[in-house]
Amino acid sequence: MITRAHKILFLLMLLACIIMAAVLIRLRNRAQDRLQAEAAAAPPSIAEGSSVSPRAVTLYVPNDLDGSLLAVERSIALPADSNAQARVLLESLIAAFHADGSTHPMSVASGINEVYFLPVPKSPGQAADAGQMAVVDLSGALAAAQPSGIEPETLTLLAVMATLHANLPTVSQVHFLVDGQPRDTLAGHADLTRTYLASEANPEPNPVETSQ
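The opening residue of the sequence shown carries number 3 in the numbering used here; numbering runs sequentially from there.
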């Protein structure tokens with residue numbers, strides 16, 4: 003027989019279940035609102051990063067046979083950040099070094115740790131902007147894979163300088179590090195103690211080859 007006390011207890015338990023269900027539904031709705039607000043406040047680059055359209059860039063690939071730099075046009079998706087752009091450009095250049103039939107063969111899959119930009123101080127009386135210095139941090143793997151010799155080492159540096167300047171014209175100077183540290187030479191010959199003028203690359207006006 004169900005007593006009055008049992009009925010009251012059952013009603014109280016039912017009421018408690020209803021209240022708990024309402025609280026849980028409210029908490030769920032608050033969580034959804036918070037997630038939607040965070041998504042709306044997220045930086046546009048996160049949402050748009052995958053929709054960057056490829057653009058035409060020029061890579062200067064060395065030709066060890068005649069000591070020239072060959073201009074090769076590629077279509078590459080570049081990020082908005084200039085540091086990241088420089089790294090993507092140079093990694094694409096190095097990919098050309100170890101591609102089949104390379105005119106500057108180098109067995110290294112990736113050779114750029116990072117690229118930093120520093121403003122170049124103006125000389126006294128200089129009115130125009132002096133541009134930027136690109137500090138290119140090469141990997142130790144690239145230095146180890148670099149064929150030793152003044153010409154092949156110099157061609158590697160010139161290719162980096164010409165590729166940066168062609169696609170990022172504000173780069174007027176280039177300085178090289180290896181694994182974040184100063185180094186005397188790339189592989190025994192090409193000087194890494196100095197800062198180069200980007201214009202020193204001075205690539206020959208070779209026809210541009212289109213390659214996807």
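Heads up, the beta-carbon is just placed ideally off N, CA and C, and yes, glycines get one too.
Values in this document were obtained by computation on a predicted structure and should not be read as measured data.
Straight-line gap, residue i to residue j (C-alpha atoms, nearest Å)
i    : j    : result
I96  : A111 : 7 Å
G103 : L170 : 28 Å
L188 : P121 : 25 Å
A73  : P123 : 30 Å
Q87  : V117 : 9 Å
Q128 : R185 : 31 Å
T60  : T165 : 7 Å
A203 : N85  : 21 Å
A44  : P126 : For A44, the predicted structure reports a pLDDT of 38, less than 50, and the residue's modelled location is therefore unreliable. A value from the coordinates is still provided. Cα-Cα distance, rounded: 44 Å.
H106 : A98  : 8 Å
M135 : T158 : 18 Å
A79  : D139 : 22 Å
L92  : L179 : 14 Å
M108 : A200 : 23 Å
Y198 : A146 : 22 Å
P81  : A58  : 13 Å
G142 : D181 : 6 Å
E153 : L194 : 14 Å
G190 : P149 : 10 Å
H167 : L144 : 21 Å
D68  : D83  : 35 Å
D66  : P205 : 14 Å
E75  : T172 : 20 Å
L71  : S174 : 19 Å
A64  : A132 : According to the sequence displayed, residue 64 carries Pro and not Ala. In a straight line, the C-alpha of P64 is about 28 Å away from that of A132.
F119 : V137 : 6 Å
P56  : M163 : 22 Å
Continuous alpha helix (DSSP H) stretch holding residue i: start and end
i    : result
L159 : I152 to N169
A97  : S84 to F99
Residue i - containing beta strand (DSSP E), residue span
i    : result
V137 : Q134 to L140
R196 : Where R196 is concerned, there is no enclosing beta strand (DSSP E), given that its DSSP letter is neither H nor E.
E75  : S70 to A79
A58  : P56 to N65
Q175 : V173 to V180
V117 : I114 to P121
Assigned exposure category for residue i - 16 Cβ within 10 Å defines buried
i    : result
E155 : buried
S77  : exposed
A161 : buried
R196 : exposed
R89  : buried
A101 : exposed
A192 : buried
V176 : buried
I114 : buried
V54  : exposed
Cutoff 7 Å: residue i Cβ touching any chain B Cβ
i    : result
R185 : In the structure shown, chain B does not exist; there is a single protein chain.
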